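Just so we're aligned: 36 in my numbering is position 33 of the sequence shown, and the numbers increase by one with no gaps anywhere.
Structure first, then comments.
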Amino acid sequence: KQGKITRKEYIQLFNVSVATAARDIKELQERGLIVPRGPNGPGRWYEVNKDNRESPGEGK
């Protein structure tokens, strides 16, 4: 299951609120680090964007 995660898994993994997870995921998408997959809502998951060229530390 490496390379993909659901919002629920993100919340459990990082012990954050739903709102924090939503903000974090939105930022990761905006930075091109992850891409959404599947339907909107509970079935959605996110995958690492393997085509992303951002260097570590860039954008922060």
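The C-beta atom is built at its ideal place from N, Cα and C for all residues, glycine as well.
Please read these numbers as outputs of a predicted model, since none were measured by experiment.
CA nearest to the CA of residue i, picked from the options
i: GLY35; options: ASN55, ILE8, TYR49 and GLY44; result: ASN55
i: GLU33; options: GLN5, GLY6 and TYR49; result: TYR49
C-alpha distance - residue i paired with residue j, whole-angstrom precision
i: GLN15; j: ALA22; result: 13 Å
i: LEU31; j: THR9; result: 13 Å
i: SER26; j: LYS11; result: One detail in the question is off: residue 26 reads as Arg in this sequence, not Ser. C-alpha separation (whole angstroms): 14 Å.
i: SER20; j: ASN43; result: 19 Å
i: ARG47; j: ILE28; result: 12 Å
i: PRO45; j: LYS7; result: 15 Å
Identified DSSP bridge partners for residue i
i: VAL21; result: None; VAL21 has no bridge partner.
Simplified DSSP assignment, three categories, for residue i
i: LYS7; result: strand
i: ARG40; result: strand
Whether residue i touches residue j by CB criterion (8 Å)
i: VAL38; j: ASN18; result: no
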